[in-house]
Amino acid sequence: MRSRYIKPGFYINEQLAECSLAARLLFTGLWCLADREGRLEDKPRRIGAQVFPYDQFDTDELLKELATRGLIVRYEVGGAKYIAIPTFLTHQKPHRNESASIIPPVPEGYTPIPAQAQEKDVPTAGQEPSDTNQKPNTSDQGHTLVCPKTYQGALEKGELETEKGELETEKGERREKDNGEHRHCEPVGSASPAPVPPSSPPVHGDAGEAEAQAQEGILPAAPPQKAPPCPQEEILALYAQTLPELPQPRVWNDRRQASLRARWREDPARQNLDWWQGYFLLVRASDFLMGRCPPSGDRRPFVADFEWLLSPKFMPRVLEGRYSNGDRKRRDITQMSYEEALRDYPDPFGLHAEEKAKLDAIEISAEEEWT
Numbered sequence: 001m002r003s004r005y006i007k008p009g010f011y012i013n014e015q016l017a018e019c020s021l022a023a024r025l026l027f028t029g030l031w032c033l034a035d036r037e038g039r040l041e042d043k044p045r046r047i048g049a050q051v052f053p054y055d056q057f058d059t060d061e062l063l064k065e066l067a068t069r070g071l072i073v074r075y076e077v078g079g080a081k082y083i084a085i086p087t088f089l090t091h092q093k094p095h096r097n098e099s100a101s102i103i104p105p106v107p108e109g110y111t112p113i114p115a116q117a118q119e120k121d122v123p124t125a126g127q128e129p130s131d132t133n134q135k136p137n138t139s140d141q142g143h144t145l146v147c148p149k150t151y152q153g154a155l156e157k158g159e160l161e162t163e164k165g166e167l168e169t170e171k172g173e174r175r176e177k178d179n180g181e182h183r184h185c186e187p188v189g190s191a192s193p194a195p196v197p198p199s200s201p202p203v204h205g206d207a208g209e210a211e212a213q214a215q216e217g218i219l220p221a222a223p224p225q226k227a228p229p230c231p232q233e234e235i236l237a238l239y240a241q242t243l244p245e246l247p248q249p250r251v252w253n254d255r256r257q258a259s260l261r262a263r264w265r266e267d268p269a270r271q272n273l274d275w276w277q278g279y280f281l282l283v284r285a286s287d288f289l290m291g292r293c294p295p296s297g298d299r300r301p302f303v304a305d306f307e308w309l310l311s312p313k314f315m316p317r318v319l320e321g322r323y324s325n326g327d328r329k330r331r332d333i334t335q336m337s338y339e340e341a342l343r344d345y346p347d348p349f350g351l352h353a354e355e356k357a358k359l360d361a362i363e364i365s366a367e368e369e370w371t
């Protein structure tokens, strides 16, 4: 068996929804058994042994079910029986080293078995497939879809798809375009389904709830919007204009370009020059990042550069204000000079002047009492 792709649309495809669970599982198994052209030998016993090694299903009946729904074509060439998957190359990308197909294609003008001839033996959605010793239950045909003309035309053209971007999952009908007309496939012997109002965007501006539902799979997630191209030259010019005191990049290699593009794409708010202007102004307001803090010991003051400011580790810290003048970590007062202590610690005792005066008054009164 070969590795194949399975797309999210597989699980909400209305055509597959009319098949039994076993038939849906078999359909994906056929992808792995098929060659690079989507063709394989029609040998139900061998297929069943490969796809259902631990289950007892009537594989031939399941293949009939898939053929009735137009998902596969069962044909015969030179006395040998084969299966073709019409939409295989639409959704699969076989590896370039995969062997070429040795199975003949569907002959031109070949007419598959009509849907009416097999539909009575096809289990409907929700029913378990029959085993080899039991005949399928055909008493309940209330959910069997009949649309043979549309399926027949699609089979001849190879246009049936297992996934469509415009699936109307909220409606109780399927529309298929055939020669400019819309045909409706409705359950045979059942009343027309009640109209379902189209889905509407979330009300009251509750975007957060819609996003949470999308994450939980209740609503389809909106396709991500492609970020606009990163204006690297303009951002570099803003950096040089706003922070001329900091080291300027002289080499703009691939690594630095990729780092700037990554920071640009991480957040839609960053995808404009005004944001970068504000970011550089935030850096300029920090004495620590600008190298204006007095050095400690023999070490030189720290000075940020453009590559450091683009780091995924340090950019969030700058934005969080961890290097702002009021929030930076203060040095130990015992290691400061008197002038530094007065500058960084206006109240070295940790008390406001008013509270300190009260304590002084208490101490004075206590001394007077004992004297």
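Numbering follows the UniProt record's numbering, with no gaps: position 340 of the sequence shown is 340.
C-beta: ideal position from N, C-alpha, C; glycine also.
Bear in mind the structure is a predicted one, so any value in this text is a computation, not a measurement.
- Message: Along the chain, where does the alpha helix (DSSP H) containing TYR279 start, and where does it finish?
- Response: What you label residue 279 is simply residue 279 of the sequence shown in a count that begins at 1. 273-284 is the extent of the alpha helix (DSSP H) around TYR279.
- Would you report the Cα separation of LEU16 and LEU319, rounded to the nearest angstrom? Locating residue 16 in the sequence shown gives position 16, where the first residue counts as 1. Locating residue 319 in the sequence shown gives position 319, where the first residue counts as 1. Straight-line Cα distance between these residues: approximately 50 Å.
- Query: For ARG256 versus PRO249, is the C-beta spacing smaller than 9 Å?
  - Reply: Residue 256 sits at position 256 when you count from the first residue of the sequence shown. Residue 249 sits at position 249 when you count from the first residue of the sequence shown. The answer is yes: Cβ separation under 9 Å.
- Identify which residue in GLU65, LEU66, ASP42 has its Cα closest to the Cα of ALA80. By one-based count along the sequence shown, residue 80 stands at place 80. Cα-wise, what sits closest to ALA80 is ASP42.
- Have a look at PRO301, LEU281, ARG265, THR68 and flag the residue whose alpha-carbon is nearest the alpha-carbon of PRO312. Position 312 of the sequence shown holds residue 312. The candidate whose alpha carbon is nearest that of PRO312 is ARG265.
- Rank GLU37, GLY29, GLY38, ARG36 by C-alpha distance to the C-alpha of ARG46 and give the top, closest one. Here residue 46 is taken as the residue at index 46 of the sequence shown, counted from 1. Considering only alpha carbons, the answer is GLY29.
- Message: Between which residues of its own chain and PHE314 is the CB-CB distance below 7 Å, once the five residues before and five after are set aside?
- Response: Looking up residue 314 in the sequence shown gives position 314. Result list for PHE314: TRP308, in chain order.
- Kindly identify the DSSP beta-bridge partner or partners of VAL77. Within the sequence shown, residue 77 is the residue found at index 77, counting from 1. For VAL77, DSSP records a beta bridge to ALA80.
- Task: Along the alpha helix (DSSP H) that carries ARG255, what are the first and last residues, could you check?
- Result: Within the sequence shown, the letter at position 255 stands for residue 255. Start and end: 254-266.
- Query: Considering only residues of the same chain and omitting the five flanking positions on each side of ASP287, which have a CB-CB separation below 7 Å?
  - Reply: Here residue 287 refers to the residue found at position 287 of the sequence shown. So the qualifying residues of the chain are CYS293, ASN325.
- Message: Measuring straight from C-alpha to C-alpha, what distance separates ARG4 and PRO94?
- Response: Here residue 4 corresponds to residue number 4 of the sequence shown, with the count starting at 1. Here residue 94 corresponds to residue number 94 of the sequence shown, with the count starting at 1. Put simply, the backbone Cα of ARG4 is about 8 Å away from that of PRO94.
- Task: Indicate whether PRO44 and LEU63 have their beta-carbon atoms separated by less than 9 Å.
- Result: In the sequence shown, the residue the question calls residue 44 occupies position 44. In the sequence shown, the residue the question calls residue 63 occupies position 63. Result yes, Cβ atoms of PRO44 and LEU63 sit closer than 9 Å.
- Message: Taking its Cβ as the centre, do 16 or more other Cβ atoms sit within 10 Å of CYS19, making it buried, or is it exposed?
- Response: Here residue 19 refers to the residue found at position 19 when the sequence shown is read from its first residue. With at least 16 other beta carbons inside 10 angstroms of its own, CYS19 counts as buried.
- Look at ARG284 and LEU243 and say whether their C-beta atoms are less than 9 Å apart. On the sequence shown, residue 284 is found 284 positions in, with the first residue counted as 1. On the sequence shown, residue 243 is found 243 positions in, with the first residue counted as 1. LEU243 is positioned such that its CB atom lies closer than 9 Å to that of ARG284.
- Task: Take the Cβ of ASN253 as the centre, count every other Cβ of all protein chains shown within 10 Å, and call the residue buried at 16 or more, exposed below.
- Result: Here residue 253 corresponds to residue number 253 of the sequence shown, with the count starting at 1. Its Cβ having fewer than 16 others within 10 Å, ASN253 is exposed.
- Could you check the C-alpha separation between ASN13 and LEU273 for me, to the nearest Å? Locating residue 13 in the sequence shown gives position 13, counting from the first residue. Locating residue 273 in the sequence shown gives position 273, counting from the first residue. Straight-line spacing of the CA atoms in ASN13 and LEU273 works out to 43 Å.
- Message: If contacts are defined as beta-carbon pairs under 8 Å, then LEU310 and LEU260 qualify, I think. What distance do you get, rounded to the angstrom?
- Response: Locating residue 310 in the sequence shown gives position 310, counting from the first residue. Locating residue 260 in the sequence shown gives position 260, counting from the first residue. Going by Cβ atoms, the distance from LEU310 to LEU260 rounds to 6 Å, so yes, they are a contact pair.
- Message: Using a Cβ-Cβ cutoff of less than 6 Å, which residues in the same chain neighbour VAL77 once the five nearest sequence positions on both sides are dropped?
- Response: The count along the sequence shown starts at 1 and reaches residue 77 at position 77. If the five residues before and after VAL77 are omitted, its C-beta is found closer than 6 Å to the C-beta atoms of PRO104, all from its own chain and listed in chain order.
- Hey, quick one: how far does the beta strand (DSSP E) through LEU40 stretch, first residue to last? Taking the first residue of the sequence shown as 1, we reach residue 40 at position 40. Annotation: the continuous beta strand (DSSP E) that includes LEU40 extends over 39-41.
- Query: In angstroms, rounded to a whole number, what distance separates the CA positions of ARG24 and ALA49?
  - Reply: Translated into the one-based positions of the sequence shown, residue 24 becomes position 24. Translated into the one-based positions of the sequence shown, residue 49 becomes position 49. When rounded, the distance between both Cα atoms is 16 Å.
- Query: Among the residues of its own chain, which have a CB less than 7 Å from the CB of CYS32, if the five just before and after it don't count?
  - Reply: For this step, residue 32 is matched to residue 32 along the sequence shown. Within the same chain, CYS32 has close Cβ partners MET1, ARG2, ARG4.
- Query: From LEU289, ARG270, GLU37, GLU65, pick the residue whose C-alpha is nearest to that of ASP232; which is it?
  - Reply: Position 232 of the sequence shown, counted from the start, is the residue given in the question as residue 232. This sequence places Gln at residue 232; Asp is not what is there. That would be ARG270, whose Cα lies nearest to the Cα of GLN232.
- In three-state terms, what does DSSP make of residue 372? Examination of residue 372 is not possible in this model, given that the chain is present from 1 through 371 alone.
- Task: Go to LYS64, then tell me how far its alpha helix (DSSP H) extends in each direction, as first and last residue.
- Result: For this step, residue 64 is matched to residue 64 along the sequence shown. 59-68 is the extent of the alpha helix (DSSP H) around LYS64.
- Message: Quick check on the DSSP output: the alpha helix (DSSP H) that includes GLY291 runs from which residue to which?
- Response: Within the sequence shown, numbered from 1, the residue matching residue 291 stands at position 291. Note, GLY291: premise wrong, no alpha helix (DSSP H); not H, not E.
- Query: Would you report the Cα separation of ALA240 and LYS226, rounded to the nearest angstrom?
  - Reply: What you label residue 240 is simply residue 240 of the sequence shown in a count that begins at 1. What you label residue 226 is simply residue 226 of the sequence shown in a count that begins at 1. Pairing ALA240 with LYS226, the inter-Cα distance amounts to about 28 Å.
- Query: If you draw a straight line from the alpha carbon of LEU26 to that of LEU66, how long is it in whole angstroms?
  - Reply: Here residue 26 is taken as the residue at index 26 of the sequence shown, counted from 1. Here residue 66 is taken as the residue at index 66 of the sequence shown, counted from 1. Roughly 9 Å separates the two Cα atoms.
- Message: Looking only at its chain, what residues have a beta carbon closer than 6 Å to the beta carbon of VAL51, apart from the 5 residues adjacent to it on each side?
- Response: Locating residue 51 in the sequence shown gives position 51, where the first residue counts as 1. The answer, listed in chain order, is LEU26, GLY29.
- Using DSSP with H/G/I as helix, E/B as strand and the rest coil, what is GLU14? For this step, residue 14 is matched to residue 14 along the sequence shown. Helix at GLU14.
- Message: In this structure, how does DSSP classify LEU236 when only helix, strand and coil are distinguished?
- Response: Position 236 of the sequence shown, counted from the first residue, corresponds to residue 236. Three-state DSSP puts LEU236 in a helix.
- Message: According to DSSP, simplified to helix, strand and coil, what is GLN50?
- Response: Locating residue 50 in the sequence shown gives position 50, where the first residue counts as 1. In the displayed model, GLN50 falls within a helix according to three-state DSSP.
- Item | Cut-off 7 Å between Cβ atoms - residues of its own chain near ALA34, not counting five sequence neighbours on either side | Counting from 1 along the sequence shown, the entry for residue 34 is found at position 34. The beta carbon of ALA34 sits closer than 7 Å to the beta carbons of LEU40, ILE85, PHE88 from its chain, once the five residues preceding and following it are set aside; these are given in chain order.
- Alpha carbon of SER99 to alpha carbon of TYR75, nearest angstrom: Position 99 of the sequence shown, counted from the start, is the residue given in the question as residue 99. Position 75 of the sequence shown, counted from the start, is the residue given in the question as residue 75. Distance from the CA atom of SER99 to the CA atom of TYR75, rounded to whole angstroms, is 22 Å.
- Query: Which class does VAL303 belong to by DSSP, given the choice of helix, strand or coil?
  - Reply: Numbered from 1 along the sequence shown, position 303 holds the residue referred to as residue 303. Note: VAL303 maps to coil in three-state DSSP.
- Span of the alpha helix (DSSP H), counted from its first residue to its last, around CYS32: The residue labelled residue 32 in the question sits at position 32 within the sequence shown. Here the alpha helix (DSSP H) through CYS32 covers 21-33.
- If residue 373 sits next to GLY291, beta carbons under 8 Å apart, how far is it from one beta carbon to the other, in whole angstroms? Residue 373 cannot be examined here, being either before or after the span of the chain that is shown, 1 to 371.
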